[in-house]
Amino acid sequence: MIIDRLLGEHRNIDLLLVALQRELEIFEHGIRPDYEVIRAIISYFEVYPEVYHHPQEDLIFSKLKTRDPDATAMVGDLAHEHQDVIDRLHRIARAIDGVLADREVLRQDVGNIVRDFIVRERHHMMWEERDFFPAARKALSARDWTEVASSLTDHGDPLFSETAEAASEALRAHILQLEQEAEAERSSLAFSSAVAGNPRHGAETDGP
Ligand SMILES: [Fe+2]
Ligand SMILES: [Fe+2]
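Residues in the sequence shown are numbered consecutively from 6, following this note's numbering.
Following this line, the structure appears as structure tokens:
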């Protein structure tokens, strides 16, 4: 079922948002976050939801519009929502590039942009799960779902969706691995600085 796959993708996206949130907390504590992780998460969002996730939802939305116009009126404007996601992504990419290029950027502004992206992305998915998906499940016919599924493999390359899925999975696993390594490195640094900077520790070793 297509909706179940979309829900699975939402869970995967959320894992990346958790990693991004972790880096944001580090940044907001005045510590250098792992920019490789942040950049990779942005790249993920620039590619996969755009070529893969949003087109499926847009297609389902257009079917819902013909089946139940009242429901789409209630659900809202999906195309507009997806455009907002892209705009927020551009903003976050610009902000991070600005930091990395040592341009004059306010840390607080960067933090707010990243936070806004996380909050609104979560909100977007929640909204789809609460309003859009149930309305589509109710209104679309079996034939509609078959048409949606077949148009997804109509890119001229029948393996398109499988390839995209495998690549997105590989990139996601890579990002989460990087994040784990960054966390491990941070906690070992925190441990050694705690040991080095702890006067009681010194007193104990220097004592009689
Ligand atoms: Fe969406
Ligand atoms: Fe979605």
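Glycine included, C-beta positions come from ideal geometry on N, C-alpha and C. None of the values given here were measured: they were computed from a predicted structure.
Residue i, DSSP secondary structure in three states
{"i": "Arg215", "result": "Here the chain covers residues 6 to 213 and nothing more, so residue 215 does not appear."}
{"i": "Met130", "result": "helix"}
{"i": "Glu152", "result": "helix"}
{"i": "Arg44", "result": "helix"}
{"i": "His34", "result": "coil"}
{"i": "Gly13", "result": "helix"}
{"i": "Glu109", "result": "coil"}
Burial state of residue i (16 or more Cβ within 10 Å)
{"i": "His58", "result": "buried"}
{"i": "Ile97", "result": "buried"}
{"i": "Pro38", "result": "buried"}
{"i": "Thr151", "result": "exposed"}
{"i": "Arg148", "result": "exposed"}
{"i": "Glu184", "result": "buried"}
{"i": "Arg177", "result": "buried"}
{"i": "Val80", "result": "buried"}
{"i": "Val200", "result": "exposed"}
Supposed contact pair residue j and residue i - C-beta distance, whole angstroms, cut 8 angstroms
{"i": "Ile7", "j": "Arg142", "result": "Not quite, the Cβ-Cβ distance comes to about 10 angstroms (not below 8 angstroms), so this is no contact."}
Test item: CB-CB of residue i and residue j under 8 angstroms
{"i": "Tyr53", "j": "Ser173", "result": "yes"}
{"i": "Ile43", "j": "Glu28", "result": "yes"}
{"i": "Leu145", "j": "Leu69", "result": "yes"}
{"i": "Glu62", "j": "Leu83", "result": "yes"}
{"i": "His128", "j": "Val90", "result": "no"}
{"i": "Val23", "j": "Ala169", "result": "no"}
Original post:
Does the stretch 7 to 26 come close enough to the stretch 123 to 143 that 3 or more CB-CB pairs lie under 8 angstroms?
Top reply: yes
Subject >> Segment contact flag, the stretch 15 to 35 with the stretch 175 to 188, C-beta cutoff 8 angstroms, min 3 pairs >> reply: yes
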